[in-house]
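In the working numbering, the protein residues as written are 19 to 176. Backbone N, C-alpha and C define an ideal beta-carbon position, used for all residues, glycine too. Below is one structure, written out as structure tokens; the observations come after it.
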């Protein structure tokens, strides 16, 4: 399944719509808010790699008084494309930063991240993260890696 940018925006909007009140301020803490592991391009007309997630192991801590979240996601995915890949793109809630990414043996992986607008939904922003694999992932092969992340769960109102 290739996820398009418009479906990414739909998921982001749905997750941020799940709010509750804390001291009169909305605080977005929906589980889907913090980790949008959407191996997806930022535009629907661009097809990205086919990387279905087969397993998540999510551990996180929400500090309501500080309106922050930090956590760890162990993700297993399969390369369903017909060619090998060297990078895995995913989207994270815009106010969360990736702190570290490690392979299944605990060795650090290089990555880059930047806040980006979805071109199909320019009012929606995400943290676009790209993981650089230590070695290419062949077609049909699986990989597992761990992402450590943290940041604020409530930002400015648009």
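- When Cβ pairs closer than 8 angstroms are counted between the two stretches, the segment 117-134 is seen not to touch the segment 74-82, the count staying below three.
- For residue 168, the enclosing beta strand (DSSP E) starts and ends at 160-170.
- No Cβ-Cβ contact shorter than 8 angstroms links residue 164 with residue 155.
- DSSP places residue 137 in the coil class of the three-state scheme, outside both helix and strand.
- With a contact defined as Cβ atoms closer than 8 angstroms, residue 87 and residue 169 qualify at about 7 angstroms.
- Around the Cβ of residue 145, a 10 Å sphere holds 16 or more other Cβ atoms; the residue is buried.
- Excluding sequence positions up to five before and after residue 149, its CB lies within less than 6 angstroms of the CB of 106, 119, 127, 129, all in the same chain and listed in chain order.
- For residue 115, the enclosing beta strand (DSSP E) has its first and last residue at 114-121.
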